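**Q** Dropping the structure in here first, questions after.
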Amino acid sequence: MTTVTQAKFVELDLEALATAPGRVVVFLSGDGPLDKGARRVNRLTRGALERVRDSEGFAKMKPGDAVELPWPSGMAAEAVQVVRLDRRASVLDARKAGGVIGKAGAGKPVLVVANTIRHGEELALGAMLRAYRFNPHRTGEAGEVKEGSLTLAVNKPEEASAKADTLAALAEGVFMTRDLVNEPSNVLTTTEFSRRLKEMEAIGLDVTVMDEPELEALGMRALLGVGQGSESPSKVVVMEWKGGEEGARPFALIGKGVVFDTGGISLKPAGGMEDMTMDMGGAGTVSGAMKALALRKAKANVVGIVGLVENMPDGRAQRPGDIVASMKGDTIEVINTDAEGRLVLCDIMWYAQEKFDPTGMIDLATLTGAIIIGLGNENTGVFSNDDTLCKSFLKAAEVEGEGAWRMPLGAAYDKLLKSDKADMKNVGGRTAGSITAAQFLQRFVKEGTPWIHLDIAGTATAASGTPLAPKGATGWGVLALNRLIADLQEG
Ligand code: BES
Ligand code: MN
Ligand code: ZN
12 MTTVTQAKFV ELDLEALATA PGRVVVFLSG DGPLDKGARR VNRLTRGALE
62 RVRDSEGFAK MKPGDAVELP WPSGMAAEAV QVVRLDRRAS VLDARKAGGV
112 IGKAGAGKPV LVVANTIRHG EELALGAMLR AYRFNPHRTG EAGEVKEGSL
162 TLAVNKPEEA SAKADTLAAL AEGVFMTRDL VNEPSNVLTT TEFSRRLKEM
212 EAIGLDVTVM DEPELEALGM RALLGVGQGS ESPSKVVVME WKGGEEGARP
262 FALIGKGVVF DTGGISLKPA GGMEDMTMDM GGAGTVSGAM KALALRKAKA
312 NVVGIVGLVE NMPDGRAQRP GDIVASMKGD TIEVINTDAE GRLVLCDIMW
362 YAQEKFDPTG MIDLATLTGA IIIGLGNENT GVFSNDDTLC KSFLKAAEVE
412 GEGAWRMPLG AAYDKLLKSD KADMKNVGGR TAGSITAAQF LQRFVKEGTP
462 WIHLDIAGTA TAASGTPLAP KGATGWGVLA LNRLIADLQE G
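Right, here's the structure in full:
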């Protein structure tokens, strides 16, 4: 597990600035005088901060941009990082500035002079998130885990600390998602995945792992068909957080956990197939969100359910043309074994509704390449049968700075799933690929269950670093889901 470097909050000690090791961070706002801490650093460096503030370069900097003064004379630090940020910076600007600080300061001691900045704890969250590194598979120096530290000098340390505890729980959740998504598929098998989830009983979740015989008995033939060509046994894991009113119906989070997607007999081309280690991103996000809820002891009832399978070509693998019966009872003609995610989701969505009668249900899945064509890597595709729930989610995502864009559903799209031999086929054809995938899922949503489908194929990973994540797994969705649950149940 990649550990979060937890922020410490202290009162500003001007005398400590000269001798602080590692990195010292100060803020300059667009207007107004230097703050106390910056004045001291300015004096120690014989006016360097004033020269930065009066430079042409500074005038062009946006909130959160930074310049670096390496090995400043008069200080023990190896660098002073000067970040442009207004005193009244928004939460998202504070996080972004934190990201800049965390990126440069990962693995080092960092002292941030933040006493004039609003949302110091949010800045700390940004720094924690951006300092993430995934290196358990490197040897030598590159594989060493360098213990950094993050200290913020603020006006009310106790207050900031209390808020930061909750935010650190969110960072732990995001890190869990990223670790799961970054892990290669020979390590993160279905068995290993379920083992890591079972470990979360230590933080108060009830975790149940269901194995193939049980899934067979439940009638989950659609899900089992996907995994039948793999040496790794298919599993469904149920994580329950009961922090709300006793006996009250939970909200359900459902995740696609294809630990590797070769496409099966409808085999994918070789180029880029290694990216399919991330095809469990939906399950990873659900797991990270459940961890965050548990760690911050949310006053909410939430159940997370993930379907863990591997889609392999093999003598026993499912064939194109096979017809399988879902747990719901509807039959599915498997035209393309590479459209496997929906086969996994339809059974666990049905199970979630039968077993838990949830007040609402959100599924997350790296479901279609088409959503990347449509929305790129900036926005998750959002599909819903319920305007109220959908608006609440879009709002939560916006507040957390996580891109989300609503897409349409409709009867004309649904028709494309008509099969000659079974109740439906698992693909719609070339057009509207992300929408027909969502239509397939909607057939497994009961009348009266508010539901959202999130297609995270484009947002679960990033090809280059983002403001709050290095390249690789992003953890998209953990923050938005956490906020939605808070808005729905803790408001
Ligand atoms: N896991 C893929 C979708 C995907 C593609 C995720 C690229 C991340 C990046 C999914 O199982 C899949 O293969 N979908 C097919 C569906 C098609 C066969 C209808 C696709 O998108 O091509
Ligand atoms: Mn596939
Ligand atoms: Zn897939």
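First residue of the sequence shown: 12, per this note's numbering; consecutive thereafter.
We put the CB at the ideal spot given by N, CA and C, even for glycine.
The structure displayed is predicted, hence computed values, not measured ones.
Report yes or no: do the region 58-76 and the region 88-106 share at least 3 C-beta pairs separated by less than 8 angstroms?
**A** yes
**Q** Can you list, in chain order, every residue whose CB sits closer than 5 angstroms to a heavy atom of the ligand GTP?
**A** Ligands displayed in this structure: the ligand BES, the ligand MN and the ligand ZN; the ligand GTP is not among them.
**Q** Closest to valine 489 by CA distance: which of Pro224, Arg232 and Val410 is it?
**A** The sequence position of residue 489 within the sequence shown is 478, counting from 1. The option with the nearest alpha carbon to valine 489 is Val410.
**Q** Residue range of the alpha helix (DSSP H) that methionine 360 falls in?
**A** Taking the first residue of the sequence shown as 1, we reach residue 360 at position 349. Run containing methionine 360: 352-367, per the alpha helix (DSSP H) assignment.
**Q** Is any heavy atom of the ligand MN found at a distance shorter than 7 angstroms from the C-beta of asparagine 322?
**A** Looking up residue 322 in the sequence shown gives position 311. Within the cutoff, so yes.
**Q** Which first and last residues belong to the beta strand (DSSP E) in which alanine 381 is found?
**A** Working through the sequence shown from its first residue, we reach residue 381 at position 370. Taken as a continuous stretch (DSSP letters only), alanine 381 belongs to no beta strand (DSSP E), being part of the alpha helix (DSSP H) at 381-386.
**Q** Quick check on the DSSP output: what are the complete beta strand (DSSP E) runs of length 3 or more inside the region 49-107, in order along the chain?
**A** The region 49-107 contains these whole beta strand (DSSP E) runs: 77-81 and 90-95.
**Q** By how many angstroms is the C-alpha of glycine 414 removed from the C-alpha of valine 91?
**A** Mapped onto the sequence shown, residue 91 falls at position 80. Mapped onto the sequence shown, residue 414 falls at position 403. C-alpha separation (whole angstroms): 33 angstroms.
**Q** Which of the three DSSP states is assigned to proline 120 in this structure?
**A** Counting from 1 along the sequence shown, the entry for residue 120 is found at position 109. Three-state DSSP puts proline 120 in a strand.
**Q** What are the uninterrupted segments assigned as beta strand (DSSP E) that are 3 or more residues long and contained completely in the region 443-498, given in chain order?
**A** If we require 3 residues or more, the beta strand (DSSP E) runs fully inside the region 443-498 come out as 462-466.
**Q** For valine 165, which of Arg149, Trp252 and Gly48 has the nearest alpha-carbon?
**A** Position 154 of the sequence shown, counted from the start, is the residue given in the question as residue 165. Looking at the Cα atoms, Gly48 is the closest of the given residues.
**Q** Leaving out five residues on either side along the sequence, give the residues of the same chain with a beta carbon under 6 angstroms from the beta carbon of lysine 253.
**A** Position 242 of the sequence shown, counted from the start, is the residue given in the question as residue 253. So the qualifying residues of the chain are Asn312.
**Q** Can you tell which of Leu181, Val237, Asp368 and Asn347 has the C-alpha that lies nearest to the C-alpha of leucine 264?
**A** For the purposes of this step, residue 264 is identified with residue 253 of the sequence shown, where counting begins at 1. Ranking Leu181, Val237, Asp368 and Asn347 by Cα distance to leucine 264 puts Asp368 first.
**Q** Does histidine 148 pass the burial test, meaning 16 or more other C-beta atoms within 10 Å, or should it be called exposed?
**A** Working through the sequence shown from its first residue, we reach residue 148 at position 137. Counting Cβ neighbours within 10 Å, histidine 148 comes out exposed, since fewer than 16 surround it.
**Q** Using alpha carbons as the reference points, say which of Asp325, Ala281, Val192 and Thr219 lies closest to glycine 236.
**A** Here residue 236 is taken as the residue at index 225 of the sequence shown, counted from 1. Cα-wise, what sits closest to glycine 236 is Asp325.
**Q** Does the region 443-453 come close enough to the region 101-118 to have 3 or more Cβ pairs within less than 8 angstroms?
**A** no
**Q** So the beta strand (DSSP E) leucine 181 belongs to, where does it begin and stop?
**A** The sequence position of residue 181 within the sequence shown is 170, counting from 1. Careful: leucine 181 lies outside any beta strand (DSSP E), inside the alpha helix (DSSP H) at 168-193.
**Q** So is leucine 278 buried or exposed if we call it buried at 16+ other beta carbons inside 10 Å?
**A** For this step, residue 278 is matched to residue 267 along the sequence shown. Result: exposed.
**Q** In the DSSP assignment, what residue or residues form a beta bridge with threonine 219?
**A** Numbered from 1 along the sequence shown, position 208 holds the residue referred to as residue 219. In the DSSP output, where bridge partners are listed per residue, threonine 219 has Val249.
**Q** Sorted by chain position, which residues of the same chain lie with C-beta nearer than 7 angstroms to glutamine 239's C-beta, five sequence neighbours on each side aside?
**A** The residue given as residue 239 occupies position 228 in the sequence shown. Closer than 7 angstroms at Cβ, skipping near neighbours: Arg327, Ala328 and Gln329.
**Q** Can you tell which of Val63, Val123, Ala443 and Asn493 has its C-alpha closest to the C-alpha of lysine 426?
**A** Along the sequence shown, read from residue 1 onward, the residue named residue 426 stands at position 415. Looking at the Cα atoms, Ala443 is the closest of the given residues.
**Q** Which residue marks the beginning of the alpha helix (DSSP H) containing glutamate 203, and which one marks its end?
**A** Along the sequence shown, one-based indexing puts residue 203 at 192. Element bounds for glutamate 203: 201-209.
**Q** Taking 8 angstroms as the limit between beta carbons, can you name the residues of its chain near glycine 380, skipping five residues before and five after?
**A** Working through the sequence shown from its first residue, we reach residue 380 at position 369. Excluding positions up to five away in sequence, the list reads Gly444 and Ala468.
**Q** So, is asparagine 197 buried or exposed, given that buried needs 16 or more other C-beta atoms within 10 angstroms?
**A** Reading the sequence shown from its first residue, position 186 is the one you call residue 197. Exposed is the call here.
**Q** Using 10 angstroms around the beta-carbon of asparagine 437, count the other beta-carbons present and answer buried if the total reaches 16, otherwise exposed.
**A** In the sequence shown, residue 437 corresponds to position 426, counting from 1. Buried.
**Q** Keeping to the same chain, check which residues put their C-beta closer than 6 angstroms to that of proline 461; ignore five residues upstream and five downstream.
**A** Against the sequence shown, residue 461 aligns to sequence position 450. Excluding positions up to five away in sequence, the list reads Gly371, Asp397 and Leu400.
**Q** State buried or exposed for tryptophan 82, treating a residue as buried only when at least 16 other CB atoms are found within 10 Å of its CB.
**A** For the purposes of this step, residue 82 is taken as residue 71 along the sequence shown, with counting starting at 1. With fewer than 16 other Cβ atoms within 10 Å, it is exposed.
**Q** Return helix, strand or coil for valine 237, following the three-state DSSP convention.
**A** Counted from its first residue, the sequence shown places residue 237 at position 226. The answer is helix: DSSP assigns valine 237 an H, G or I state.
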